[in-house]
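Novice: Take this structure first; my questions come after.
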Amino acid sequence: MSFVQNFPFFSIIIAMFSGIISSVLDAKKARNLSLAAIMVTTGMSAAVLVFCLRTGESYTYMMGHFPAPWGNEIRAGVLEGLTAFFFGVVMLLSVVGGLDHTAKDVEKTKQNLFFIMIDLMLSSLLALIYTNDLFTAYVFVEINTIAGCGLIMIRQIGRSLLAAIRYMIMSQLGSGLFLIGLSLLYDVTGHLLMSPAKEAVAGIEAAGIYALPMLVIVAVISVGLAIKSGLYPFHSWIPDTYGYATPTASAILSGLVSKGYIFLLIKIFYRVLGRENVVASQIVNVLFMFGLAGMMLGSVHAIMQKDTRRMIAYSSVAQIGYIYMGIGLGTTAGMVAAVFHIFTHSATKALLFISAVGLYEVSDDKKDFRSLRGAGYRNPLAGIGFSVGSLSMVGFPMLAGFISKLLFATSALQSPHKMLPTVIALAISTILNAVYFLRLVITLYSIPEKGLEKPLDNGSKEKPPIHSSWKLRLAVLSFILLNLFLGLYSQPIVGAIENGLAMFA
Amino acid sequence: MGAPLFVNMEETISIILFGIGFTMLLLHRNLIKKIMGMNIMDTAVYLFLAVKGYINGRMVPIVVDGIQDVSAYINPVPSGLVLTGIVVSVSTTALMLALTIRLYERYGSLDLDEILIRMKEEERP
Amino acid sequence: MSRIRDNYENSRCLKIKKWIDGEVDLLASGVEIEAPEEAKEAALPESDLPNPAWQPGMRRPKAAKRRRRNRDGRDIRYFRRIYQLMSVFLCLAIIFILLWTVSYLPAFGNAGNPDNNEVSARYIESGLQETGAVNIVTGMILDYRAFDTFGESCVLFIASCCVLVLLRIDAADGDARARKRLREADDRVFEPKNDVILQRCACVMVPLIMVFGIYIILNGHLSPGGGFSGGAVLGSGLILYLNAFGFKETERFFTEKVYRRVTLSALTFYCLAKSYSFFTGANHLHSGIPLGTPGAILSSGLILPLNICVGLVVACTMYAFYTLFRKGGM
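Just so you know, the protein sequences line up as chains H, L and A, in that order. This note's numbering numbers the first residue of the first sequence as 1 and each following residue consecutively. This note's numbering numbers the first residue of the second sequence as 1001 and each following residue consecutively. This note's numbering numbers the first residue of the third sequence as 2001 and each following residue consecutively.
The following block contains the structure:
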């Protein structure tokens, strides 16, 4: 057994252990430890990815002395390594970009607790990605939920507390459904580990027994995880949650947390229930419909917002609709598009949240359209970052969003029954995206009504013009590069995703 | 359908409890009652799991007198899952109660709609 | 106009109507002993939400504000009706579908059910030899499926961190608001101090509870029990002691520093021990931890120390939850 194969386990444990240690450290040390942990785990995930690409197969890793149906297990393959690496990068940049705001928004004595949440969030995301055991998945889903709630409410203003409790309520509904789904699945299969459970499911399908329970299990697990990731009719907690948390938390929650659940859902589809069974059960069509509804209505809601941060949050609803639409197509190509969109969206949405913060900094922390007029001149890099993010969401060539829209469109062509609605929805949603994103971009680069002098005057007399810190600029720049990278070098990534999905089966 | 439901009476009851808890968590405006609903829901799942582990006429899975025969003990797996699940449920309950306390201090109400109204009122210039 | 409406709102007729509608919420208005000052005036019109009844002695807000409030209230109420109907349908649907599913599930208590398969068979047949634990469930959760259990302790840890964020009041920077909150949160003022009956009972009960808790933890691998249940018992003993003798007594031995150190060292040990065991297991190395004679206290390898760790964490966390909820600090 090669030493690299230990890395998935090491990365989960390192993230968790740094969280535990942080409880006695002061804010600065906790911050450094957490940054170091994120970097180390990202490096390890990259090593796992390279290892799996080189050997060309996935492997399972025993957590303890007992093999598959008895002991816990984790599993690593190309897709797991890629996702873990990507999530690590996005998390690192989000944390770095929001550091100053974290210091401002969070009480001084409680900052180390913030980094505990970040560490445990990282470890739970990694565990969700690597897990090969359904009950482990449940436990880490709960850690993820609680850490997410902690990240929202750590600002401790009224709105974020309210957002946190609404998030908790919806998440608990989702967890309840997920748990009852797992219990039912355990009841009919007798296994909790994914690989033996899949064999048992195949046996059940072959024997033709428990048809209704299996259908209900698929439905309950899908709906539970859909509620937790904020699919359209269950999206009510999203705008408040993303809109009023501290920037790092918004970027992480919208970029990674909901994606972690979606990844788990894909993994359960492939590794436990069997993709063919899920497609045959018509549940994917329900997800497809909800996804389509989300794509359009999420954008409509976004157009109606006055607060730009809530607008970005509603745009997440639309983008999660895209992902579920891709899953709902039921084909491998659709799944590849969905996974690629997971990456696109986490890179782009984090970029939007972080660069929006740079723009608010130069507009007296106001978030409405009028105050943001001309902000693109006052903070050029943040303006460029926001424009790149917006264009990517709209689907401008060379950027990540274009590739994912292309993948969605081509995958739609392969499924004849769903081609027309998919293409029409894509077109409408793209136009709607363009309406609200380009409106904001134009606002950023238009001259303020009262003339530029007044804000400049204020700035020069009372305080020197505000420069964003180097951390924020570094994060924005890296995110822009990440977007360009996803847009220009998509081929190897798409290849790796296809490879990884093939390993799932 | 009737006969199997009666045979599976314990599961039936736990499912009904699950539904009641789910309804309360989703529907009730009062935060404390929502938390109660959440607990009922979780406990119903644990009841479901515990029922699933039971086998007629067998013992608790603690080895006595060196008997290690499968036919002597009930299935230990669901019991372990329930143990793990209970801790999760305790943690989320504590967190939700703490959040409720803070919201009550802030807005003076336990009613989610009332809190929303007050929040909107505060935000108007 | 408003006069007439006020009269109507205070009348029995409306109250009965509301009671029939199920809108009167006992907890919403009845639970508080004393609302915080600034919240008090807002807290009064609790039970009748859409058109608040203004009671004497309450400052009347401006008419415009009130109208707005009514409009908001109506919007939200309208929304709520739809929401309620939808939710009732949704929940009935969920119950119905799940009941329908249950009717197809394997029968209760049948030994031939799919979940009584080779997994549980191995736990029962060779659990004693492989883990050294007489209690098969403990052996399962702390050895076969230890990663789940480690995750579970982390859930408890992060929940206690979140509660710390929410409820710990740090008045270190001399913030007036924080100090005010601290004063309000200290509910010791409202309670009878040094109650003789409580103290006498606690003198007898607390040692018994503590011994019982320790027994449960130490015998976790031999009899029903284990870290979590024993820890909860220990925590309740601490809470009883606190209630009887007050914070002054408990703070002599249990402060936040102690809490942090105990939790940190227990979780660190847990993490390192389990990492060692996972690492050796996955790499097919011999772990070299003796399992001892099954049935003895000092047996079953890592399970006993892990149970002690979990017990300590749980006891401290329970106590911490209690003090944080009660006075916003330890």
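Ideal placement from N, C-alpha and C gives every residue a C-beta, glycine not left out.
With a cut-off of 8 Å on the beta carbons, I'd call residue 2091 of chain A and residue 1022 of chain L a contact; round off their distance for me.
Specialist: Right, the Cβ-Cβ distance comes to about 6 Å (below 8 Å), so this counts as a contact.
Novice: Which same chain residues end up closer than 8 Å to residue 21 of chain H when comparing Cβ atoms and leaving out the 5 residues on each side of it in sequence?
Specialist: Taking C-beta separations shorter than 8 Å and ignoring five residues to either side along the sequence, the partners of residue 21 of chain H in its chain run 33, following chain order.
Novice: Mind listing the chain D neighbours of residue 1070 of chain L? Cutoff is C-beta to C-beta under 8 Å, in chain order.
Specialist: In the structure shown, chain D cannot be found, because the protein chains are H, L and A.
Novice: Among the residues of its own chain, which have a CB less than 6 Å from the CB of residue 155 of chain H, if the five just before and after it don't count?
Specialist: Same-chain partners within the cutoff: 105 and 246.
Novice: Is the beta carbon of residue 2243 of chain A closer than 8 Å to that of residue 2198 of chain A?
Specialist: yes
Novice: From the beta carbon of residue 1084 of chain L, is the nearest beta carbon of chain H less than 8 Å away?
Specialist: yes
Novice: Anything in the segment 141–157 of chain H with a Cβ closer than 7 Å to a Cβ of chain L? List those residues in chain order, please.
Specialist: 142, 146, 149 and 153
Novice: Of the residues H/473, H/302 and H/307, which one's Cα is nearest the Cα of residue 429 of chain H?
Specialist: H/302
Novice: Work out the CA separation of residue 1106 of chain L and residue 2039 of chain A for me, nearest whole Å.
Specialist: Confidence is the limiting factor: at residue 2039 of chain A the pLDDT is only 40, short of 50, which leaves the residue's position unreliable and the question unanswerable from this model.
Novice: Consider the Cβ of residue 2149 of chain A: report whether some Cβ of chain L lies at a distance smaller than 8 Å.
Specialist: yes
Novice: Does the Cβ of residue 298 of chain H have 16 or more other Cβ atoms within 10 Å, making it buried, or fewer, making it exposed?
Specialist: buried
Novice: I want to verify the contact list: residues of chain L whose CB lies under 9 Å from the CB of residue 2316 of chain A, in sequence order.
Specialist: Near residue 2316 of chain A there are no residues of chain L at all, since even the closest Cβ is about 13 Å away, more than 9 Å.
Novice: Let me know the secondary structure DSSP gives residue 344 of chain H once reduced to three states.
Specialist: helix
Novice: On the DSSP letters alone, give me the boundaries of the alpha helix (DSSP H) that residue 2249 of chain A sits inside.
Specialist: 2247–2250
Novice: First and last residue of the beta strand (DSSP E) that includes residue 1050 of chain L?
Specialist: Not the beta strand (DSSP E): residue 1050 of chain L falls in the alpha helix (DSSP H), residues 1031–1053.
Novice: Counting contacts by CB-CB distance shorter than 8 Å, is residue 23 of chain H in contact with chain A?
Specialist: yes
Novice: Tell me the DSSP secondary structure of residue 2243 of chain A in three-state form.
Specialist: Looking at residue 2243 of chain A - three-state DSSP - the assignment turns out to be helix.
Novice: Return helix, strand or coil for residue 193 of chain H, following the three-state DSSP convention.
Specialist: In the three-state scheme derived from DSSP, where H, G and I count as helix and E and B as strand, residue 193 of chain H is classed as strand.
Novice: Given residue 261 of chain H, which residues of its chain have a CB within under 6 Å of its CB, disregarding the five upstream and five downstream residues?
Specialist: Counting only Cβ-Cβ distances below 6 Å, and skipping sequence neighbours, we find 225, 228 and 229.
Novice: Hey, which unbroken runs of the alpha helix (DSSP H) at 4 residues or more fall wholly within the segment 109–196 of chain H?
Specialist: Here the runs fully enclosed are 111–130, 134–153 and 158–189.
Novice: Is residue 285 of chain H helix, strand or coil by DSSP?
Specialist: helix
Novice: Compute the beta-carbon to beta-carbon distance between residue 330 of chain H and residue 415 of chain H, rounded to the nearest angstrom, for a pair I have assumed lies under 8 Å.
Specialist: 7 Å
Novice: Shortest alpha-carbon distance to residue 2126 of chain A belongs to which of A/2272, A/2144 and A/2236?
Specialist: For the residues A/2272, A/2144 and A/2236, the minimum Cα distance to residue 2126 of chain A belongs to A/2144.
Novice: Can you give me the start and stop residues for the alpha helix (DSSP H) that residue 483 of chain H sits inside?
Specialist: 470–488
Novice: Taking 8 Å as the CB-CB limit, is residue 370 of chain H close to chain L?
Specialist: no
Novice: With a threshold of 16 other CB atoms inside 10 Å of the CB of residue 2086 of chain A, please say whether the residue is buried or exposed.
Specialist: exposed
Novice: Rounded to whole angstroms, what's the CA-CA distance from residue 195 of chain H to residue 2319 of chain A? Just pull it up for me.
Specialist: 41 Å
Novice: Which term fits residue 2096 of chain A, buried or exposed, when burial requires 16 or more other beta carbons within 10 angstroms of its beta carbon?
Specialist: exposed
Novice: Please state whether DSSP places residue 2281 of chain A in a helix, a strand or coil.
Specialist: helix
Novice: Could you spell out where the alpha helix (DSSP H) holding residue 314 of chain H opens and where it closes?
Specialist: 308–329
Novice: Can you tell me the Cα-Cα spacing of residue 11 of chain H and residue 1046 of chain L, whole angstroms?
Specialist: 31 Å
Novice: Quick one: does residue 1045 of chain L have its CB under 8 Å from some CB of chain H?
Specialist: yes
Novice: Taking residue 139 of chain H as the query, report the chain A residues whose CB atoms sit under 7 Å from its CB, ordered along the chain.
Specialist: Residues of chain A passing the Cβ test: 2148, 2151, 2152 and 2155.
Novice: Quick one: which unbroken alpha helix (DSSP H) runs of 4-plus residues sit fully inside the segment 388–449 of chain H? Chain order, please.
Specialist: 400–414 and 419–444
Novice: Short of 7 Å in beta carbon distance, which residues of its chain neighbour residue 1051 of chain L, apart from the five on each side in sequence? Order them along the chain.
Specialist: 1010, 1011 and 1014
Novice: Got a sec? Which residues, its chain only, sit under 7 Å from residue 2255 of chain A by beta carbon, not counting five neighbours each side?
Specialist: 2330, listed in sequence order.
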